[in-house]
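The listed protein sequences correspond, in order, to chains A and B. Be aware that the first sequence starts at 1, since it is given in this note's numbering, and climbs by one per residue. Be aware that the second sequence starts at 1, since it is given in this note's numbering, and climbs by one per residue. Glycine included, each C-beta is placed from N, C-alpha and C at the ideal position. Since we're looking at a predicted model, the values are computed, not measured. Step one of this worksheet: look at the structure below.
Number of protein chains: 2
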Amino acid sequence: MEKKEYVTYGNKGACGCGCGADKEGMGNATGITGCRFSLSPMTDSFVEIILDAVKKTRTDKVWQETGKLSTIYRGRQIHVEDALKGCFINAYREGVHMTLEATYSKGCPGDIKGDSFMAADDELLNEPEIKDVHFPVAAKISLYPMGIPDYMKYIAEVVNHAIDLGIYEKSAHYCTVLSCDVQQLFDYIHYVNSYCGEKLSHYIFEVTISVNSPTK
Amino acid sequence: MEKKEYVTYGNKGACGCGCGADKEGMGNATGITGCRFSLSPMTDSFVEIILDAVKKTRTDKVWQETGKLSTIYRGRQIHVEDALKGCFINAYREGVHMTLEATYSKGCPGDIKGDSFMAADDELLNEPEIKDVHFPVAAKISLYPMGIPDYMKYIAEVVNHAIDLGIYEKSAHYCTVLSCDVQQLFDYIHYVNSYCGEKLSHYIFEVTISVNSPTK
Chain A
1 MEKKEYVTYG NKGACGCGCG ADKEGMGNAT GITGCRFSLS PMTDSFVEII LDAVKKTRTD
61 KVWQETGKLS TIYRGRQIHV EDALKGCFIN AYREGVHMTL EATYSKGCPG DIKGDSFMAA
121 DDELLNEPEI KDVHFPVAAK ISLYPMGIPD YMKYIAEVVN HAIDLGIYEK SAHYCTVLSC
181 DVQQLFDYIH YVNSYCGEKL SHYIFEVTIS VNSPTK
Chain B
1 MEKKEYVTYG NKGACGCGCG ADKEGMGNAT GITGCRFSLS PMTDSFVEII LDAVKKTRTD
61 KVWQETGKLS TIYRGRQIHV EDALKGCFIN AYREGVHMTL EATYSKGCPG DIKGDSFMAA
121 DDELLNEPEI KDVHFPVAAK ISLYPMGIPD YMKYIAEVVN HAIDLGIYEK SAHYCTVLSC
181 DVQQLFDYIH YVNSYCGEKL SHYIFEVTIS VNSPTK
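This is how it looks when you write it as structure tokens:
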């Protein structure tokens, strides 16, 4: 009978994020922020839109990999955020309904130093080209602070910050709904990643952004 | 100055899932399983496909609400699963690339008895129509067991079960990739929700399914 290769995330040094890192687990000590995302332009020309956006986006300061389900960027928080903001804005087409599903994460207990590029400087490569682009977005967000009993207070903190910023639309089952300009949303994403990166050893922040939805 | 209405998820009885339930929090005691999902058919006729699927799907045994970003079903686990499986299969079109983003959840500490319908019987309304439909799917899954330090072992358990079933493709950063027939995938989703509903007080299970992707 064939011997099955099982994962061992429950053990010390093993990874719970599914990355298969069974030996080098370093968690938050790697300093790596990751974002796994998928663009879904709801049009017959979705391939062209995605390829154009990918081509136009500067990813020199992150590590990246594309599979059949999603693309991942890994590196320093500001450069991962910059690359994703660039890719999303570059994929925007007036009148075309599109969603972006993005999973930001940092601190998986078994994360490894590999599959990453930690750029030395702070200069953002995409921001200069996209900082003056404006269009309205709807978004739903969910924050998962892992491994701690008092996770609710961190969720409340980030939701209340959205209320302070005036971008909060409503609370819903399993998520919070935001409504604002695209620049405000990516500023807020930066705030959440900065806050969670500082306060939590392991978190996942799920964001789904929708533009040009025919649903009012 | 305007008085802001903040959320209070950090307090006893308050909800961290974003549902705004500040008083009636009951968590897992409600017995309610929820699923928030979005279909993204990547074609010009996405509106027609989604509306047709919604119309064709029997949702008499769940509570549902549709917003501009997603639809939610809440009720007993088996009926929520049956409705989502129905909606997804009803939206499938040969050759049309489509993704489904689904967030299953149970046990949010502040969940309420409301916004739900707990059907008394076990008869599945959609299964008879869809049980013989077969097509290949690719999926990525991520499980988030909340509020406990040893969450990794539960993740390993469900990933290893996928390995046992022969539907596991690989581990990746922040998710696990599955590849199988649509029936096998929904059987697996049922296993995960049953296992987590029994073992965990609060969990979130994220599933993204892709069909007819042009990426090999």
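Distance CB(residue i)-CB(residue j) smaller than 8 angstroms
| i | j | result |
| --- | --- | --- |
| Tyr92 (chain A) | Cys35 (chain A) | no |
| Cys87 (chain B) | Ala53 (chain B) | yes |
| Ile141 (chain B) | Glu206 (chain B) | yes |
| Gly197 (chain B) | Thr33 (chain B) | yes |
| Cys175 (chain B) | Ile167 (chain B) | no |
| Ile163 (chain B) | Lys4 (chain A) | yes |
| Ile209 (chain A) | Leu100 (chain A) | yes |
| Tyr9 (chain B) | Ala156 (chain A) | yes |
| Asn90 (chain A) | Thr43 (chain A) | no |
| His190 (chain B) | Glu81 (chain B) | yes |
| Lys85 (chain A) | Ile130 (chain A) | yes |
| Tyr144 (chain A) | Tyr144 (chain B) | yes |
| His161 (chain A) | Asp115 (chain B) | no |
| Lys68 (chain B) | Thr103 (chain A) | no |
Contacts of residue i in chain B (Cβ-Cβ under 7 angstroms)
| i | result |
| --- | --- |
| Arg36 (chain A) | His173, Tyr174 and Cys175 |
| Ala138 (chain A) | Lys68 and Leu69 |
| Pro109 (chain A) | Met152 |
| Ser105 (chain A) | Tyr174 |
For residue i, three-class secondary structure by DSSP
| i | result |
| --- | --- |
| Phe46 (chain B) | helix |
| Leu165 (chain A) | helix |
| Met98 (chain A) | strand |
| Ser213 (chain A) | coil |
| Ile219 (chain A) | For chain A, the structure presents residues 1 to 216; residue 219 (chain A) sits outside this window and is missing. |
| Ala91 (chain B) | helix |
| Ile72 (chain A) | strand |
| Val192 (chain B) | helix |
| Val207 (chain A) | strand |
| Ile141 (chain A) | strand |
| Glu157 (chain A) | helix |
| Glu65 (chain A) | strand |
| Ala119 (chain A) | coil |
| Phe186 (chain B) | helix |
| Asp52 (chain A) | helix |
| Val133 (chain B) | coil |
| Val109 (chain A) | Just to set this straight, residue 109 (chain A) is Pro in the shown sequence, not Val. It is coil, neither helix nor strand. |
| Tyr151 (chain A) | helix |
| Val177 (chain B) | strand |
| Leu125 (chain A) | coil |
| Lys3 (chain A) | coil |
| Leu39 (chain A) | strand |
| Ala21 (chain A) | Because Ala21 (chain A) carries a pLDDT of 43, less than 50, the predicted location of this residue cannot be relied on, and the following value inherits that uncertainty. The answer is coil: DSSP assigns Ala21 (chain A) none of H, G, I, E or B. |
Rounded Cβ spacing between residue i and residue j (contact assumed at less than 8 angstroms)
| i | j | result |
| --- | --- | --- |
| Ser105 (chain B) | Tyr203 (chain B) | 7 angstroms |
| Leu39 (chain B) | Met98 (chain B) | 7 angstroms |
| Ser71 (chain A) | Phe37 (chain A) | Per the sequence shown, the amino acid found at residue 71 (chain A) is Thr instead of Ser. Thr71 (chain A) to Phe37 (chain A), Cβ: 6 angstroms. Contact. |
| Val137 (chain B) | Val182 (chain B) | 5 angstroms |
| Val159 (chain A) | Val192 (chain B) | With a Cβ gap of about 27 angstroms, Val159 (chain A) and Val192 (chain B) do not count as contacting. |
| Asn28 (chain B) | Ser201 (chain B) | 5 angstroms |
Per-residue contacts from residue i into chain B (C-beta, under 9 angstroms)
| i | result |
| --- | --- |
| Leu51 (chain A) | Within chain B, no residue comes near Leu51 (chain A); the closest Cβ sits about 10 angstroms away, beyond 9 angstroms. |
| Ile163 (chain A) | Lys4, Glu5, Tyr6 and Val7 |
Under 8 angstroms by beta carbon: chain B residues contacting residue i
| i | result |
| --- | --- |
| Arg74 (chain A) | His173 |
| Ser213 (chain A) | Lys68 and Leu69 |
Under 7 angstroms from the C-beta of residue i: neighbouring residues of chain A
| i | result |
| --- | --- |
| Asn160 (chain B) | Tyr6 and Val7 |
| Ser201 (chain B) | Correct list: empty, because the minimum Cβ distance to chain A is about 11 angstroms. |
| Asp181 (chain B) | Going along chain A, no residue has its Cβ under 7 angstroms from Asp181 (chain B), so there is no contact; the nearest lies around 16 angstroms. |
Residue i: contacting residues in chain A (beta-carbon distance under 8 angstroms)
| i | result |
| --- | --- |
| Ile204 (chain B) | Ser142, Tyr144 and Tyr174 |
| Asp115 (chain B) | His173 |
Listed by chain order, chain A residues near residue i by CB distance under 9 angstroms
| i | result |
| --- | --- |
| Glu101 (chain B) | Ser38, Ser40, Thr99, Glu101 and Thr208 |
| Asp44 (chain B) | Met42, Thr43, Asp44 and Ser45 |
* Asked: Below 8 angstroms, can you find three or more Cβ-Cβ pairs linking the region 115–125 of chain B to the region 54–64 of chain B?
  -> yes
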